[in-house]
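K.L.:
Submitted below is the structure of interest, expressed as structure tokens.
2 protein chains.
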Amino acid sequence: MIKSIAGGVTAAAGFKAACCAAGIKYRGRTDMAMLFSDAPCTVGGVFTSNVVKAAPVVWDREIVRNVKAARAVVVNAGIANAATGETGMALCRQTAEFTGKALDIPADQVLLGSTGVIGPNLPIDRITAGVAMMKQALSDSLEAGTAASRAIMTTDTVNKECAVAFTLPAADGKGEVEVHLGGMSKGSGMIHPNMCTMLAYITTDCAIDAALLQQAVSDVVTDTFNMISVDGDTSTNDTLLVLANGLAGNAPVAAGSAAYDTFKAALFTVCRDLAVKMAGDGEGATHLMEMQVTGADTKEHARTLARSVVGSSLVKAMIYGKDANCGRILCALGYAGVDFDPAVIELYLIGRDKDLCFYKDGCVQAFDEDRALAILTEKEVRFRCDMKMGSEEATAWGCDLTYDYVKINGDYRS
Amino acid sequence: MIKSIAGGVTAAAGFKAACCAAGIKYRGRTDMAMLFSDAPCTVGGVFTSNVVKAAPVVWDREIVRNVKAARAVVVNAGIANAATGETGMALCRQTAEFTGKALDIPADQVLLGSTGVIGPNLPIDRITAGVAMMKQALSDSLEAGTAASRAIMTTDTVNKECAVAFTLPAADGKGEVEVHLGGMSKGSGMIHPNMCTMLAYITTDCAIDAALLQQAVSDVVTDTFNMISVDGDTSTNDTLLVLANGLAGNAPVAAGSAAYDTFKAALFTVCRDLAVKMAGDGEGATHLMEMQVTGADTKEHARTLARSVVGSSLVKAMIYGKDANCGRILCALGYAGVDFDPAVIELYLIGRDKDLCFYKDGCVQAFDEDRALAILTEKEVRFRCDMKMGSEEATAWGCDLTYDYVKINGDYRS
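Residue numbers (our numbering), protein chains in the order written: chain A, 294 to 707; chain B, 294 to 707.
Dropping the structure here:
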């Protein structure tokens, strides 16, 4: 049983967090966060598929692929350290070396994350001053985790964290122990499926080796972070990292075991929660949109169809306008690149009590406009399309397109 | 030599046009157009790649593929006749049969086009009344062509037409004759590369057989209509049709001849002009954006990269905000799905006198912000990226993302 608990990155045993106002770009708010584990961690991660990768992405990928261990994470908001060439990599190295010395851990076990404007170089003096400040402030309180989740925000309007607890067989063979897994994420613009969605950091006290952890992360990301879209832009910095320090005292999770399934389910729960929170907090968004595709012939087709709908500018503008212009959903399914028979599919607006049929038998259906308006007025709007081709399903999440999205992105640098 | 001439669909010999206010959805404006050729025409066409195809698309495709001849086109604005099932096809048949009888031509030589909201059925009584009115009003004047280009507008703010003249060897072997080719198009929302862009109708008095005409149309569309994007949504109705009646008196164009090259260049000129006009008149747009990709390894990669940039919501919002946030262009190139080396590419903002280098040697460059703002304040904004991989080039056109796009599409049905 996976149960929801309070907190985020400090919910698991042995993880501390801190943040500070380093003055990197923003004024009068925190803009750096640090995570630290009392014990060595295995690490798994997935990164942006963008050919243009930010320096911290290159840095972290090296650690995940080759070092396979980590003790700390240092994140800044305001500047992305992307498109910064060799200088950007040197700044990563300096930050990690400074942090390693400060925390008495190897520099190549310091993960880095940056988010913000592409192009400028990080002010290294402020970064190292921030690291020094945060070292003093590290705390395992839930509040410290929450404060860290606030410090990494850019255009986010709310901080995003989530944690769960579950039980696994104990390492000493005597019954079960409670294991914790929690995380934080940020991201509301430049978000689009394709691994993944800005910065997300998850910590757990579960004992699990690096290879198995990586497998779980790669599996889970497909139907969580990779199924949300805010604006179709896959960023240069997208990063999801999971650190596992083993302090829960469980018997190390074995491949193919029930314990692995439980761990993966817990990871899925937290990743989906963080992903949906990001979709709902899309830049300027007033609605969370959910698109369920059922009856697809393959899982991948179901995902592609669902993502096409939540990515459509016309559908997004229609959600903003609370307009039941269902032809746009149909249109977005039609150009997804997946073949289907428009004469047999069925499209529904999901209501609290009863679903409203928008389209079947090849025709847009007459429906109660007042009821549609009532449903579309809610904060969360859900659609379901049955492709009538098989039994595969997928769900994608997005948000509406609003004046505020344009406003936020028309003048982001200033 | 291809020279620009006045007019649009009636610029070529033997083509007449008419329009009327049929009251299909709009009030107080014309909303139907008709084209008629005095002589039989060969016909070429390309249609939407959307799986959900509007009834008139299915109807026209059958004529282009199998009948290979046409005499008239009937278009309505306001209702798309899409997602209308068998009823929609029956309405096409009725419209074509009525028109065929009225004009004394075969029903299967009447091409149809519809644009507007998806779902509702066409009011057939108003359509036939419109056809009867337009039959009386057919005229070969340039004004009649212009009026037709206005009648097919939906959210377009300006009508779009273009015509050229060129010379080809005469049929009687005595010197050369002047040949004319002109067209009209509409479209400003639900526009995205993938054949193509709403409704475009081109007429020519050139003598060219159907197979060769189709080849020219398919070739030309790739670097014209398929290279523009307004909002990433490929419509259910996209249609480009070219009718050739041979009345110019040229020797029929032969495959592989210089005459074919000339004809194709003329078709390219008109298609590009109409396509760029559509991009610049994107819903709510205040800027036309042009993205040139040079030095690509393959033509297809050049196209994909250029389209990715003009399709990016973040780039589009940045153009609206006149913000030289060039990292977003880099980011959009990076997620296009084409591999390249970010360390060697060079990105420029194209100025009247001198180009501004945004990015090279793997780094965003320092640039004169005032000059960038001056360039970005112009109505037409151009970027160029040299991929440094080869010699292939492509250009894509789009527009900015504005409050008005959201406004127009948040409440389109009412």
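Think of the CB as a built atom: it goes at the ideal place given N, C-alpha and C, for glycine as much as any other residue.
Do the region 309 to 321 of chain A and the region 428 to 436 of chain A make contact, defined as three or more Cβ pairs closer than 8 Å?
P.N.:
The region 309 to 321 of chain A is in contact with the region 428 to 436 of chain A.
K.L.:
Given a cut-off of 8 Å, decide if B/MET584 and B/GLY423 are closer than it, judged by their beta-carbon atoms.
P.N.:
Here residue 423 of chain B refers to the residue found at position 130 when the second sequence is read from its first residue. Here residue 584 of chain B refers to the residue found at position 291 when the second sequence is read from its first residue. Taking 8 Å as the Cβ cut-off, B/GLY423 and B/MET584 do not qualify as a contacting pair.
K.L.:
Between which residues of its own chain and B/MET426 is the CB-CB distance below 7 Å, once the five residues before and five after are set aside?
P.N.:
Taking the second sequence and counting its residues from 1, the one referred to as residue 426 of chain B is at position 133. CYS313, listed in sequence order.
K.L.:
Against chain A, which members of the region 398 to 414 of chain B pass a CB distance test of less than 9 Å?
P.N.:
Cβ contacts with chain A come from VAL410, ILE411, GLY412, PRO413 and ASN414.
K.L.:
Quick check on DSSP: helix, strand or coil for A/SER606?
P.N.:
Walking along the first sequence from the start, residue 606 of chain A turns up at place 313. The answer is helix: DSSP assigns A/SER606 an H, G or I state.
K.L.:
Just to confirm, is the Cβ distance from B/VAL457 to B/SER297 under 8 Å?
P.N.:
Residue mapping note: residue 457 of chain B aligns to position 164 of the second sequence, counting from 1. Residue mapping note: residue 297 of chain B aligns to position 4 of the second sequence, counting from 1. For B/VAL457 and B/SER297, yes; Cβs fall inside 8 Å.
K.L.:
Count the other CB atoms within 10 Å of the CB of A/MET483; is the residue buried (16 or more) or exposed (fewer)?
P.N.:
On the first sequence, residue 483 of chain A is found 190 positions in, with the first residue counted as 1. Low confidence applies here, because A/MET483 scores a pLDDT of 48, under 50, leaving its location unreliable; read the following figure in that light. Classification of A/MET483: buried, given that the 10 Å Cβ count is 16 or more.
K.L.:
Report the rounded CA-to-CA distance for B/THR448 versus B/LYS609, giving the unit in angstroms.
P.N.:
For this step, residue 448 of chain B is matched to residue 155 along the second sequence. For this step, residue 609 of chain B is matched to residue 316 along the second sequence. Straight-line Cα distance between these residues: approximately 19 Å.
K.L.:
Answer with yes or no whether the minimum CB distance from B/TYR613 to chain A is below 8 Å.
P.N.:
The residue given as residue 613 of chain B occupies position 320 in the second sequence. Yes, B/TYR613 lies at the interface with chain A (some Cβ there is under 8 Å from its Cβ).
K.L.:
Excluding the 5 residues flanking A/ASP590 on each side, which residues of the same chain have their C-beta closer than 7 Å to its C-beta?
P.N.:
By 1-based counting over the first sequence, the position of residue 590 of chain A is 297. Hits under 7 Å: MET682, GLY683 and GLU685.
K.L.:
For A/LYS700, does the three-state DSSP call read helix, strand or coil?
P.N.:
By one-based count along the first sequence, residue 700 of chain A stands at place 407. Here A/LYS700 sits in helix by DSSP.
K.L.:
Output, in chain order, the set of chain B residues within a Cβ distance shorter than 9 Å of A/TYR652.
P.N.:
Stepping through the first sequence from its first residue, residue 652 of chain A is reached at position 359. The answer, in chain order, is ALA376 and GLY412.
K.L.:
Going straight from the alpha carbon of B/ALA559 to that of B/VAL368, what length do you get?
P.N.:
Start at 1 with the first residue of the second sequence, and residue 559 of chain B comes out as number 266. Start at 1 with the first residue of the second sequence, and residue 368 of chain B comes out as number 75. Rounded to whole angstroms, B/ALA559 to B/VAL368 spans 25 Å at the Cα level.
K.L.:
Could you give the DSSP three-state label for A/LEU649: helix, strand or coil?
P.N.:
Numbered from its first residue, the first sequence carries residue 649 of chain A at position 356. Three-state DSSP puts A/LEU649 in a strand.
K.L.:
At the 8 Å Cβ level, is B/GLY588 part of the contact set with chain A, yes or no?
P.N.:
For the purposes of this step, residue 588 of chain B is taken as residue 295 along the second sequence, with counting starting at 1. No, its Cβ sits nowhere closer than 8 Å to a Cβ of chain A.
K.L.:
What is the rounded straight-line gap between the Cα of B/VAL339 and the Cα of A/CYS692?
P.N.:
To locate residue 339 of chain B, count along the second sequence from 1; it is residue 46. To locate residue 692 of chain A, count along the first sequence from 1; it is residue 399. Whole-angstrom Cα-Cα distance: 33 Å.
K.L.:
So A/THR529 contacts chain B; which residues on that side make the cut at Cβ distance below 8 Å?
P.N.:
Within the first sequence, residue 529 of chain A is the residue found at index 236, counting from 1. Those within 8 Å of A/THR529 in chain B are GLY620, LEU623, CYS624 and GLY627.
K.L.:
Taking DSSP as the reference, what is the three-state secondary structure of B/MET682?
P.N.:
Counted from its first residue, the second sequence places residue 682 of chain B at position 389. Reduced to three states, the DSSP call for B/MET682 is coil.
K.L.:
Let me check understanding here. Comparing Cα to Cα, which of B/PRO399, B/LEU640 and B/ALA548 lies closest to B/GLY620?
P.N.:
To locate residue 620 of chain B, count along the second sequence from 1; it is residue 327. Considering only alpha carbons, the answer is B/LEU640.
K.L.:
What are the complete alpha helix (DSSP H) segments, minimum 4 residues, inside the region 304 to 377 of chain A?
P.N.:
Runs found: 348 to 355.
K.L.:
Please tell me whether A/PRO635 has its Cβ less than 8 Å away from any Cβ of chain B.
P.N.:
Stepping through the first sequence from its first residue, residue 635 of chain A is reached at position 342. It does: the Cβ of A/PRO635 has a partner Cβ on chain B nearer than 8 Å.
K.L.:
Going by C-alpha to C-alpha distance, which of B/ALA689, B/LEU642, B/ASP648 and B/LYS615 sits closest to A/ILE701?
P.N.:
Working through the first sequence from its first residue, we reach residue 701 of chain A at position 408. Nearest option by C-alpha distance: B/LYS615.
K.L.:
Could one say the Cβ of B/VAL351 lies closer than 8 Å to chain A's Cβ atoms, at least one of them?
P.N.:
As a position in the second sequence, residue 351 of chain B is number 58, starting the count at 1. Not closer than 8 Å to any Cβ of chain A, the Cβ of B/VAL351 fails to qualify, so no.
K.L.:
Return the CA-CA distance between B/LYS346 and A/ASP516, expressed in angstroms with no decimal places.
P.N.:
The residue given as residue 346 of chain B occupies position 53 in the second sequence. The residue given as residue 516 of chain A occupies position 223 in the first sequence. Near 30 Å, if we compare the C-alpha coordinates of A/ASP516 and B/LYS346.
K.L.:
Going along the chain, which residues of its own chain have a beta-carbon closer than 8 Å to the beta-carbon of B/GLU662, five neighbours each way excluded?
P.N.:
Position 369 of the second sequence, counted from the first residue, corresponds to residue 662 of chain B. The answer, listed in chain order, is ALA617.
K.L.:
Check for me: the beta strand (DSSP E) holding B/TYR641 runs from which residue to which?
P.N.:
Against the second sequence, residue 641 of chain B aligns to sequence position 348. Per DSSP, B/TYR641 belongs to the beta strand (DSSP E) from 639 to 642.
K.L.:
Determine the burial state of A/LYS570: buried for a count of at least 16 other Cβ atoms within 10 Å of its Cβ, exposed for fewer.
P.N.:
Residue mapping note: residue 570 of chain A aligns to position 277 of the first sequence, counting from 1. Buried, by the Cβ-count rule.
K.L.:
Starting from A/THR497 and walking both ways along the beta strand (DSSP E), at which residues does that stretch end?
P.N.:
Position 204 of the first sequence, counted from the start, is the residue given in the question as residue 497 of chain A. That run of the beta strand (DSSP E) goes 492 to 497.
K.L.:
Helix, strand or coil: which one does DSSP assign to A/ASN519?
P.N.:
Counting from one through the first sequence, the residue named residue 519 of chain A turns up at place 226. Residue state, collapsed to three classes: helix.
K.L.:
Between B/THR417 and the rest of its own chain, which residues show a CB-CB distance below 6 Å, the 5 nearest in sequence each way excluded?
P.N.:
The residue labelled residue 417 of chain B in the question sits at position 124 within the second sequence. First, the amino acid is wrong: residue 417 of chain B is Ile here, not Thr. Excluding sequence neighbours, B/ILE417 sits near LEU384 and GLN387.
K.L.:
Quick one: grab the DSSP three-state call for A/LEU505.
P.N.:
For the purposes of this step, residue 505 of chain A is identified with residue 212 of the first sequence, where counting begins at 1. Looking at A/LEU505 - three-state DSSP - the assignment turns out to be helix.
K.L.:
By alpha-carbon positions, which one of B/PHE651, B/TYR613, B/GLY655 and B/LEU415 ends up nearest to A/GLY703?
P.N.:
Sequence index remark: in the first sequence, residue 703 of chain A carries index 410 (1-based). Checked all of B/PHE651, B/TYR613, B/GLY655 and B/LEU415; the closest Cα to A/GLY703 is B/TYR613.
K.L.:
Identify the contact partners of A/VAL451 in chain B, using a Cβ-Cβ distance below 9 Å as the criterion.
P.N.:
Here residue 451 of chain A refers to the residue found at position 158 of the first sequence. Simply none; closest approach about 21 Å.
K.L.:
Straight-line CA distance for B/ALA551 to B/ALA568?
P.N.:
Counting from 1 along the second sequence, the entry for residue 551 of chain B is found at position 258. Counting from 1 along the second sequence, the entry for residue 568 of chain B is found at position 275. Looking at the two C-alpha atoms, the distance is approximately 25 Å.
K.L.:
Considering only residues of the same chain and omitting the five flanking positions on each side of B/VAL603, which have a CB-CB separation below 7 Å?
P.N.:
Against the second sequence, residue 603 of chain B aligns to sequence position 310. Excluding residues within five positions, the ones whose Cβ falls inside 7 Å are SER522, MET582, MET584, ALA689, TRP690 and GLY691.
K.L.:
Report yes if the CB atom of B/ARG354 is closer than 8 Å to the CB atom of B/CYS334, and no otherwise.
P.N.:
The residue given as residue 354 of chain B occupies position 61 in the second sequence. The residue given as residue 334 of chain B occupies position 41 in the second sequence. For B/ARG354 and B/CYS334, no; Cβs fall outside 8 Å.
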